[in-house]
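To start, the structure under review is shown below, and the notes come after it.
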Amino acid sequence: MKDPIIVIGLGELGSVFARGFLRLGYPVQGVSREMDSAVIAKAIPNPAAVLIAVGEADITQTLKTLPQEWKDKVILLQNELLPRDWKAAEIDNPTVISVWFEKKKGMDSKVVLPSPIFGANAKLVFDALSQVDLPSFILDSEEELTYELVRKNLYILTTNIAGLEVGGNVEGLANEHAGIMNAVANDVLDIQDWLTDSSNERTRLMSGLIEAINGDLAHGCMGRSAPARLTRAIGFADQAGLEVATLRDIAEKHL
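So the sequence shown is residues 1 to 255, counted in the working numbering.
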């Protein structure tokens with residue numbers, strides 16, 4: 001019998017992955033907010049993998065309290081995720097997937113792009129998603145993973161924050177409000193450069209942003225998390241001493 005897989009966070013995304021793991025023949029142990037992961041770790045000290053599927057707001061605390069015996073088995077999938085986040089929690093080599101499908105209650109998963117994966121358990125994640133007909137691919141290097149994470153951040157933050165200003169969907173944003181989209185994107189990339197301590201490839205990233213927009217032209221710009229994302233971005237900009245004038249202008253009007 002295969003070792004079990006732990007799934008921390010049993011929302012829409014966690015449930016998609018759990019179904020894929022089950023179809024591969026792995027027992028799945030879910031961990032909800034009310035459960036003590038330390039108690040479960042005593043019963044299952046050596047799982048095949050530990051998928052952390054909590055939301056962005058809960059990821060820092062979840063990583064902070066993760067049982068030590070699970071830290072070398074971690075799979076991460078959050079938006080706004082970067083290497084600094086897992087390194088701060090002393091997790092050295094997690095498997096990471098940049099999720100490019102949307103799953104909401106009562107609807108099937110909607111794919112924007114194939115989801116890139118990197119890490120020791122990349123094949124496991126790829127196989128699990130294949131079981132539920134979701135496209136993904138395995139990356140060759142940590143550098144490519146950083147690019148993919150920054151690209152996802154660029155897409156999420158640009159469309160959400162620009163959406164506070166102009167509303168509508170991503171097709172309208174790209175075609176009718178390219179000026180505000182590009183101004184927000186440049187501010188977002190200033191922050192991403194600081195967060196990754198590197199000069200990210202802006203031309204490639206902007207092409208990647210347009211590719212993602214074209215993947216689902218009807219995707220709404222402004223999700224419920226948009227104000228919180230803008231607040232977080234401004235907080236990082238303040239720490240870094242960045243001007244991000246467009247983000248600050250939008251914040252003055254909409255926060």
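Idealized CB from N, CA, C, for every residue including glycine.
ask   = Tell me the DSSP bridge mates of Glu-102?
value = Lys-110
message = Using the Cβ count rule (16 or more neighbours within 10 Å means buried), how would you classify Phe-17?
response = buried
inquiry  = Do Ser-109 and Phe-137 count as a contact pair if the criterion is CB distance below 9 Å?
reply    = no
message = On the DSSP letters alone, give me the boundaries of the alpha helix (DSSP H) that Gln-29 sits inside.
response = Per DSSP, Gln-29 belongs to no alpha helix (DSSP H); it is in the beta strand (DSSP E), 28 to 31.
request  = Could you name the residues of the same chain whose beta carbon sits closer than 7 Å to that of Leu-77, not counting the 5 residues immediately before and after it, in chain order?
outcome  = Leu-13, Ala-53, Ile-97 and Val-99
task = Go ahead and label Arg-23 buried or exposed: buried means 16 or more other beta carbons lie within 10 angstroms of its beta carbon, across all protein chains shown.
result = exposed
inquiry  = Restricting to runs no shorter than 3 residues, where is the beta strand (DSSP E) found entirely within the segment 151 to 199?
reply    = none
query = How would you write the range of the alpha helix (DSSP H) that Val-16 sits in, first residue to last?
reply = 12 to 23
query = Mapping DSSP to helix, strand and coil, what is Ser-115?
reply = strand
ask   = Where does the unbroken alpha helix (DSSP H) through Thr-246 begin, and where does it stop?
value = 245 to 254
key: The alpha helix (DSSP H) enclosing Ala-89, as first and last residue numbers   = First-last for Ala-89: undefined, no H or E at that position.
key: C-alpha distance - Ser-207 paired with Gly-220, whole-angstrom precision   = 20 Å
message = Check whether the segment 228 to 244 and the segment 176 to 193 touch, using three or more Cβ-Cβ pairs below 8 Å as the test.
response = yes
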